[in-house]
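For the sequence shown, the numbering used here gives the first residue as 20, with consecutive numbering after it.
We put the beta carbon where it would ideally sit given N, CA and C, even for glycine.
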Amino acid sequence: MKELVRILLQAKPVLPGSLEEHYNVCGKAQCRCKDKVNPQKHGPYYRLSYSLKGKNSSVFVKKEDVPAIKAMTENYRESRSNIQHLALSAVDLYRQEGLQGMLDKYEEILDMETSIKNGAKPASRTLRETRSSCDKWKTKALERQSEIDKMQVKIRDLEKSRDNWKGKAIQAKEENQELKKLSLLKTVEGEKNTGGSR
């Protein structure tokens, strides 16, 4: 089925019917086409005869167009044959997979072959890559959030430690000032006591 879809997507120009070659006799009495010994009919002339929608018709073809017209009628026959094979493959797939399975498989093949023809990635592959990218992004986001949470804990602990040391520094400064006051008082009292004994 895949190969048939690929062939149909690469469809070449088609023309129905068959190319016929004709030789004619004209109406002139003394023409070579009416010679009694060796008649030589006029031609060849070419005509494409075809039948579509129950109607027979034909069209005259220029001599220089004959090779292209022959190729197009052959393309038409091949296309019809390929479509019939594709239809039979679809019937087999319907028997095996049911309607939705058949349609899904056909769309998958068509999508892939169209993407290959256009040089793009198939939509199913793009979807898979998008999902994978989304999952990776979520994983990275969760990892980063975990790192942020750890950093916030460290910052909180550092802030507590800083506040603790700041409190101790203030307390030490106050104690130092008290000690200086006491030392100054002792010095003043010591001078008073030594000054009074003289």
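Coarse secondary structure for residue i, derived from DSSP in three states
i      : result
Asn43  : strand
Pro63  : strand
Leu34  : coil
Thr213 : helix
Ala90  : helix
C-beta atoms of residue i and residue j nearer than 9 angstroms
i      : j      : result
Tyr69  : Pro32  : no
Lys124 : Glu132 : no
Ser37  : Leu71  : no
Lys47  : Lys55  : no
Met121 : Leu112 : yes
Ala30  : Asn94  : yes
Residue i - containing beta strand (DSSP E), residue span
i     : result
Val80 : 74 to 80
contact_flag[the segment 80 to 87, the segment 103 to 111] where n(CB pairs < 8 angstroms) is 3 or more:
Counting C-beta pairs closer than 8 angstroms gives fewer than three between the segment 80 to 87 and the segment 103 to 111, which falls short of the contact rule.
Which full runs of the alpha helix (DSSP H) of 4+ residues lie inside the segment 102 to 138, going along the chain?
none
Between the segment 60 to 68 and the segment 38 to 45, do at least 3 Cβ pairs fall closer than 8 angstroms?
yes
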